[in-house]
Structure formats: C-alpha cells, structure tokens
Amino acid sequence: MESSVPSESPKLVIGVLELQGDFFEHERLLEKCGVSTKGIRQRRHLLDENGKILVDGLVIPGGESTTIGKLLVELDMLDVIRTAVAPPHCLPVLGTCAGCILLARRIRTFDDQPRIGCLEVEVERNAYGPQIESFECQVQNVQVFGEEPLRAVLIRAPVITRVLDSARVQVLASFRDTPIVVQQDHILACTFHPELTGDTRIHRRFIEIVKQNIAVERRLN
C-alpha cells in the first residue's frame, strides 16, 4: 500500500510593479522572505484573458508618482489595479513612497493626478524637500515591528497629512508626529523606502496581510 504524502502548499506569488524605482530590491527582499515574485510591466502580467488576477498581492515601489500614474493609464492598468484592490476582490497591496502617493485618496495640491485612490489618507508630495535633502530616520513600534527600530530612508518622500477614516486606517509608526507607516485592512503603505536597508520587516508584515487575505481565485468581471 502506497503511503500518501500531503502536497506542499504552493508558494505565494507577489507581483511587483516594474515601471520605475528599486523594484529589483523589493523582489530580492520578498524572495528572501520565502515567496515568489512576478514582475508586472503590462496588463497581461497581472490579469489573464479571462480576467483572473495572476498574483496574491502587489507591491507598488517608489519612483515619480506622476510618471507612474500616467504609465498605468497608458498601459490600461490603473483601473484594473483599482478594481482589484477595492472590495469585493481586496487584492493586498503594499505601496512605498510614490506607491503610497498612488494609493492615497487625496493628494494635496495635485488632486487631479492619476492614482488608485483606495487608501483613506491625504498626502503631500515631496514634503521634506528635494532629493538633495533626503535623509534617514528611525521609527519604532515594539508591538508591530519588535524592539529594534526601523531604519527609514526618505527620498523626496511624501507626508501623510491627514487620516481620512481613523476607524479603518491604523497608524503603525510615526515620524515628527505624522504617520509614516499605515495599514487599512489589506492595504499597507509607507512613505519611505524599506527595500533600501535590507530589513525585511515591512515586507514580512505585508506577506502576513497577503496570507490573511488569500483567495482561491480573484476574477474581475
């Protein structure tokens, strides 16, 4: 009689938008955390011909948010991502720096900028000054990230100026009394570049969100 060996669960597949920014570093850290990655450069990388979403979660890296937004429109991906992230599909998403801007519902003084707009916050772009004034800081939340502070690399970083729905948006870490890491249900966003330090804690937090929101299939109608 043959013994039955339980089959291993398939690895999670995290899509990483490869239009701008340090997407390779995001992929390296995600793979270090034990998940598979899939580069997303065109609509067909995210969605098959039958509308099935091909990833379990999506990372939107930093870069220039206006350029990324325009590219997403040109590639016919902006509405697809917005629909995938919104209920009832609730595709988990991590947005870092420009990715946080693209997720925000409001962008101060640039409210006509193309964006996904599913995260109930208002942001201000380049709030700390130009790239030459970029800097690092340390932030801490022992309950969420453990005893060791997170190194946050801020490069032309936005500031989250307002949380628009405090019942849904959880502030996980702050800097200068403003949120720097936030979570809204299946959406995680930070105003800095976690991929540049080698610290996997933001990415591991995102993977846990993906696991909590795993779906057998997500299909857009």
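Everything in the sequence shown is counted per numbering that gives the first Met the number 0, starting at 0 for the first residue and increasing by one.
Backbone N, C-alpha and C fix where the C-beta goes; we use that ideal spot for every residue, glycine too.
1) Let me know the secondary structure DSSP gives Glu30 once reduced to three states.
2) To the nearest angstrom, how far is the alpha carbon of Phe174 from that of Leu28?
3) Going by other Cβ atoms of all chains shown within 10 Å of its Cβ, with 16 needed for buried, is Pro86 buried or exposed?
4) Keeping to the same chain, check which residues put their C-beta closer than 8 angstroms to that of Gln169; ignore five residues upstream and five downstream.
5) At the level of alpha carbons, what is the spacing between Glu216 and Leu46?
6) Return the CA-CA distance between Asn140 and Ile59, expressed in angstroms with no decimal places.
7) Drop a sphere of 10 angstroms on the beta-carbon of Ser165, count the other beta-carbons inside from all chains shown, and report buried for 16 or more, exposed for fewer.
8) Please classify Arg43: does DSSP put it in a helix, a strand, or coil?
9) Considering only residues of the same chain and omitting the five flanking positions on each side of Leu171, which have a CB-CB separation below 7 angstroms?
10) With a CB to CB cut of under 7 angstroms and the five nearest residues on each side skipped, what residues in its chain are close to Ile67?
11) Evaluate Val72 with the Cβ neighbour count: other Cβ atoms within 10 Å of its Cβ, from every protein chain shown; 16 or more gives buried, anything less gives exposed.
12) Enumerate, from N- to C-terminal direction, the unbroken beta strand (DSSP E) stretches of 3 or more residues contained entirely within the stretch 63-95.
13) Would you identify the three-state DSSP class for Phe205, choosing helix, strand or coil?
14) Among Thr160, Val79, Gly56, which residue has its Cα nearest to the Cα of Arg42?
15) Leaving out the 5 sequence neighbours to the left and right, which residues in its chain are closer than 7 angstroms to Leu118 when beta-carbon positions are compared?
16) Would you tell me roughly how many angstroms separate the C-alpha atoms of Ile159 and Ala126, rounded to the nearest one?
17) Three-state secondary structure (DSSP) at Glu135?
18) Under a three-way DSSP split, which group does Cys117 fall into?
19) In three-state terms, what does DSSP make of Arg167?
20) Consider the C-beta atom of Arg40 and the heavy atoms of the ligand MG; say whether any pair is separated by less than 7 angstroms.
21) For Ser35 and Lys51, what's the separation of their Cα atoms in angstroms?
22) I need the DSSP call for Ser2, collapsed to helix, strand or coil.
From the atom records:
1) helix
2) 24 angstroms
3) exposed
4) Val181, Gln182, Gln183
5) 12 angstroms
6) 23 angstroms
7) exposed
8) helix
9) Asn140, Val143, Val180, Val181, Gln182
10) Leu18, Gln19, Ala97, Leu101
11) exposed
12) 92-95
13) helix
14) Val79
15) Leu102, Ala103, Arg104, Gln183, Ile186, Ala188
16) 9 angstroms
17) strand
18) coil
19) coil
20) Ligands are entirely absent from the displayed structure, and the ligand MG is therefore not among its contents.
21) 18 angstroms
22) Its pLDDT being 44, under 50, Ser2 is placed unreliably by the model, and nothing is read from it.
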